[in-house]
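Residue numbers (the working numbering), protein chains in the order written: chain X, 644 to 896; chain U, 644 to 896; chain S, 644 to 896; chain G, 644 to 896.
Here it is as C-alpha cells:
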C-alpha cells in the first residue's frame, strides 16, 4: 500500500484577503518558502512533497509515522503566520490513497473553517504500508525543439497542456502525475505496468506530437523509488536503452 | 508599453543530472527558494515574478532598469550553484513583450549552452515603458464546491485544465495568464477590454462549468496594477459589484 | 548625519515560551531566516543590517525613507508569526544615531509589551541625512594562525573576546562595530580618523596579540561605503598598501 | 560520550573576495540561510547546530550516523555555491569532542585549501556515544533592566561581554557555551555538576552584576536534552523553584 499525505493550509483564502491590497509578492514568497520548508522536512524522512496548488500539497509519506507528521505540523505552526492541517491515507493506488487522505481531512472541517487549525487526521483501518512506485518522465529534446525556438510563454503553454493531459490519463489508471519543473513530470504510479506507460506515451505523441520517455523505480519509500526512477531515466537519456520506458526492479524486491 | 523579463537558468538540465540519483528533493527546494529569492528582488523594485516552469520564469519589470537587473542577476550568481540569464523586452501587449524578451535571450545562446552564463540581453529599439494592466481572476465558491467536496488531486486537475484553457484564450488576445496558487490566476493583460474578459469568462463557463470573476487594475508598475486589481476583485467578492468583471481606472490615469 | 534603524521583535521572549519545550531548533531557524529576509529588504534599498542579538537588530538606513520602512515592516508581519517594530534615529555618530533610534522606540512601549505591535517610531527634529563611513576590519592570517591550528571553540573564543574589546573601544569613539562572520568585523564609524583606527589596532595588538587591518570607505548609503571599504581592505590584503589602515575618499566627495 | 560535529566552509574567505566589492549583504544572506538550512537538517535527526563564527559551526550530533552526515553534506553541495566539510569527534566532555572533531578535519587540509572539498572526517577509535547534557541559561529581568532602559548597542555589548566570560568559564570546565539570541545561552555541558553551575553564576554576578539562571537536562540526543533544559528553566522562570539552577534527571536515565 502507498501512503499519501494531503497538506492543506488552514483558512488560507480569507486570511490572505486581510493582508492589504499590495500583498501579492509576499504571498508568493510565503507559499514558495512554505513548500520548500515542508519538502525539506518530508524528504529528511524519505518522503517527497509536490506543490500541487500551493494551498494544498500532496506528499508520498511511506515510512513517516504519525508522530513525525505531528513534528512537521508543529514546526510550521511555530514559524509561519498560517497553520497547516494534514490528512493521511493508504491505498492500493496513489489515487485511492490521496482520496482517503482527502476524505479524513474533509471530515475535520472545511478548508476555510476558522476553527480547524493544525489538525492531523488519518483513517485507522489497519492497512499496512508497502512499496512505492515512481516514474520520472520527460520530453525528448524539449530544449532544442521548444525552449530554444518558441517563445517562453508558448513553451509554458505546451507544458501546461501536456501536464493536464498526463494528469487525466494517469488518474484514469490510479496514478498521480505532477509537473516538477522544466519539462519533467513525476508519476506516483503503484500498479502501473510497462504497457500502461507505453499506452500513455503513445496517446500523448498522437495528440500533442511530443515524444516522452519514462524511468520507473520501486522502493520502500519515495526517496528510494525516485532514485531508481532517475537511474532508469538516465539510462534512456544516455542511449543505453532503446525503449522509451525502463523499469528498474519491481514491487517485491 | 509593458516590459517583460524572461529569467532563464543557465544549462540547468545537464547540471541537475550530475547531482546524483537521490537529487529530487534538493532540486525542488532549490527551485522554490530561487523563485522566492528572485520574487523578493523584483518586487522590491515594484515588479512581479511568475514561477512559470521554474527553470524559466517571467516577470513584469516596468520601472526596473538594466542596472537593477544586473544587481539581481549577480546576487543570484553569488548565492546559488547555478546562474540565471535574463532577456528584457517591451511590447504593446504582454505577449509581444515576452516574445521579444525570449528572442533577445535566445540570440545569446541555447538554454543548455555551457558557455552562456549570467547574461543580460535586451533590445534597444528606443521603445518607452508605459502602463501595466493586470487582472486578478478567481473561481466562484471553489472551496465549497470543489476543495471541500472533491478529492485533492481531482481539484488540482480541474485547476490545471482551467489554467491551460485560460492560457490559450488569453494568449490569443495578447495577454499572459499565470496560475498563482489556490484557485487564483493573474493575467498581465495590457489592451484587453471588459468585453474581452466577459468573452473569456463566458467561454470557460460554457466549456468547464466554472464561474470566474476578474478585478482589473492599472499602474505604472506591476505592484500598482496588481494592488488595484486586488481592490477591484475584493469589491466583487464582497458583493459591492454585481458584474463578474470590474475595471478600476484605466491606462491614462 | 548617519541614520540607524533599530529593528526589535515584539514581545518575542514570552511568545517563544509558548512554543513547547522542543522549540529550540525552530527558533534558531526562524531567527536566521528573519534576519536574512530583513537584510534582503534593507540592502535592496542600499542599507545594511546587522544581526546583533537577533531579537534586536541594527541597520544603517541612509537613503531609506519612512514609507519604505513601513513596507518592510508590513512584509514581515505578513510572513512571520511574530511582528517587528522599528525605531529610526539620526546622529553625528553611529552611536548617537542608534541611541536616538532606541529612545524613540522605547517611548512606544516595552519590548515585551503585548500591546506594541509593528510600530514605526522616529524623531522628527529636522535633521538631515548625510554620508556614511564604514570600515571593514579583519585579522591578519587568522586561518593559518588560528583556524588551522587551534580547536574550533578556542578560535571562536578568541574572536568573541576580540569582538567584545572592539565593541568597547569603538563605542568610546562613537562607532558601532559588528562581528560579521569568520574573522571579519564591520564598523559604522562616521567621524573616526586614521589616527583613531591606528590607536584601536595598536591597543588590540598589545592586549590580545592579534594584528588587525582596516579598509575605510565613504558613501551616500551603507552599500556605497561598504563597497569602498572592501576595495580598501582588498588593497591592503594584496600588499598594495603597507599600512594596516587605508581610507578611500572622505565625507565630502 | 558526547558527539560533536564541526561544519567548516571550504575555502570560504578566498571565495568571498572574488564576489565583487558590493558583496556584503549577499554574504550575510548566504551565511544565515546556510545556517538555517543546516540547522533544519541536523535537528530533523535530533541534533542541534550552533552558528558559532558562521564559516565554522558546531553541532551536537549524537544519534546522527556518518551516512546521515554525508546526506547533509551533499545536500548543501547541491544547493550552494560553496561546499562544507565536516569533522566528527566523540569525547567525555563537549570540549574534548569538538577538539577531536577539529583535529580530524584539520588533518584533511587547511580551511583555505582549494583542494579540500566536501570532506567528511572522523576518528574511528571505537568510542561509543552516550548521553547529552545541555543547560539553557538566561539573564534575570534583562528586558526590563537592560533592553527597555539602555540603548540597543549597549545592551548588545553587555551580552557580548557576558558571552565571552561564559565561554571562558565553561571552557575551563570542559563545556561549550553558545549565545543563541536575546539574553539566552545554551551550554553543552556533559559532566558539569550543580556546584559547577553555581560557581559560574556566582562569578558572573560578582564580575558583571547580572544574575543568571540555568535549567539543565539530559537525553540521548541534543533535542531531548534541550527540551528538558527548557522545562527546567521554565520552572525557575515561573517561580516554582527558588534556586537559580535546576537539574531535571541525570545521565543514567
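By construction, the Cβ of each residue, glycine as well, lies at the ideal position given by its N, Cα and C atoms.
Every value quoted in this text rests on a predicted model; they were computed, and no experiment measured them.
Of the residues 850(X), 838(X), 849(X), the one placed nearest residue 859(X), counting alpha carbons only = 838(X)
query = Is any beta-carbon of chain S found at less than 7 Å from that of residue 649(G)?
reply = yes
ask   = Given that residue 731(X) touches chain S, what residues does it touch there, using C-beta distances under 7 Å?
value = In chain order: nothing, as chain S lies at least about 21 Å away.
request  = Could you work out which residues of chain U lie near residue 683(S), taking near to mean beta carbons separated by less than 7 Å?
outcome  = 683
ask   = residue 626(G) and residue 853(G) look like a contact to me (Cβ under 8 Å); what is the Cβ gap, rounded to whole Å?
value = For chain G, the structure presents residues 644 to 896; residue 626(G) sits outside this window and is missing.
message = According to DSSP, simplified to helix, strand and coil, what is residue 754(S)?
response = coil
task = With distances taken Cα to Cα, identify the nearest neighbour of residue 780(X) among 822(X), 661(X), 687(X), 701(X).
result = 822(X)
task = For my contact list, residue 772(U) and residue 644(U) are in at a C-beta cut-off of 8 Å; report their separation, rounded to the angstrom.
result = 6 Å
query = How big is the Cα-Cα spacing for residue 817(G) and residue 883(G)?
reply = 30 Å
Segment contact flag, the region 731 to 746 of chain S with the region 831 to 845 of chain S, C-beta cutoff 8 Å, min 3 pairs = yes
task = Take residue 760(U) and list the residues in its own chain whose beta-carbon comes closer than 7 Å to its own, dropping the five residues that flank it on each side.
result = 653, 726
inquiry  = Here's the rule: buried if 16 or more other CB atoms are within 10 angstroms of the residue's CB, otherwise exposed. What is residue 794(X)?
reply    = buried
task = Compute the Euclidean distance between the alpha carbons of residue 666(U) and residue 870(X), then round it to the nearest angstrom.
result = 8 Å
query = Which residues, in order along the region 702 to 721 of chain X, keep a beta-carbon less than 8 Å from a beta-carbon of chain G?
reply = none
query = Would a check of beta-carbon distances place residue 894(G) closer than 7 Å to chain U?
reply = no
key: Beta-carbon spacing of residue 824(S), residue 755(G) below 7 Å   = no
request  = With 8 Å as the C-beta to C-beta threshold (strictly closer), list the residues of the region 765 to 782 of chain X near chain G in chain order.
outcome  = none
request  = Decide if residue 763(S) is buried, meaning its Cβ has at least 16 other Cβ atoms within 10 Å, or exposed.
outcome  = buried
request  = Since I believe residue 717(X) is in contact with residue 663(S) (beta carbons under 8 Å), could you give me their beta-carbon distance rounded to a whole number of angstroms?
outcome  = 7 Å
query = Which residues of chain G have a Cβ atom closer than 7 Å to the Cβ of residue 823(S), listed in chain order?
reply = 671
ask   = By DSSP, does residue 803(G) sit in helix, in strand, or in coil?
value = helix
inquiry  = Between 733(G), 798(G), 660(G), which has its C-alpha nearest residue 649(S)'s C-alpha?
reply    = 798(G)
request  = Compile a chain-ordered list of the residues in the region 837 to 866 of chain X whose CB is closer than 7 Å to at least one CB of chain U.
outcome  = 866
task = Starting from the beta carbon of residue 631(U), find every residue of chain S whose beta carbon is closer than 8 Å, and list them in chain order.
result = Here chain U covers residues 644 to 896 and nothing more, so residue 631(U) does not appear.
task = Drop a sphere of 10 angstroms on the beta-carbon of residue 712(U), count the other beta-carbons inside from all chains shown, and report buried for 16 or more, exposed for fewer.
result = buried
query = Taking DSSP as the reference, what is the three-state secondary structure of residue 783(X)?
reply = coil
key: Proximity winner among 806(U), 777(U), 691(U), relative to residue 826(U) (alpha-carbon distances)   = 806(U)
query = Out of 744(U), 723(U), 787(U), which has the shortest C-alpha to C-alpha gap to residue 732(U)?
reply = 744(U)
ask   = Are the C-beta of residue 763(U) and some C-beta of chain G separated by less than 7 Å?
value = no
ask   = Between 881(G), 863(G), 889(G), which lies nearest to residue 706(G) when the distance is taken from Cα to Cα?
value = 863(G)
Whether residue 679(U) touches residue 661(X) by CB criterion (7 Å) = no
inquiry  = Are the CB atoms of residue 703(U) and residue 865(U) within a distance shorter than 7 Å?
reply    = yes
task = Keeping to the same chain, check which residues put their C-beta closer than 8 Å to that of residue 851(X); ignore five residues upstream and five downstream.
result = 801, 804, 805, 808
request  = Could you tell me which chain S residues have their CB closer than 7 Å to the CB of residue 666(X), listed as they occur along the chain?
outcome  = 721
Where residue 878(S) sits in the DSSP three-state scheme = helix
query = Residue ranges of each beta strand (DSSP E) run of no fewer than 3 residues wholly in the region 694 to 751 of chain G, ordered along the chain?
reply = 699 to 703, 727 to 734
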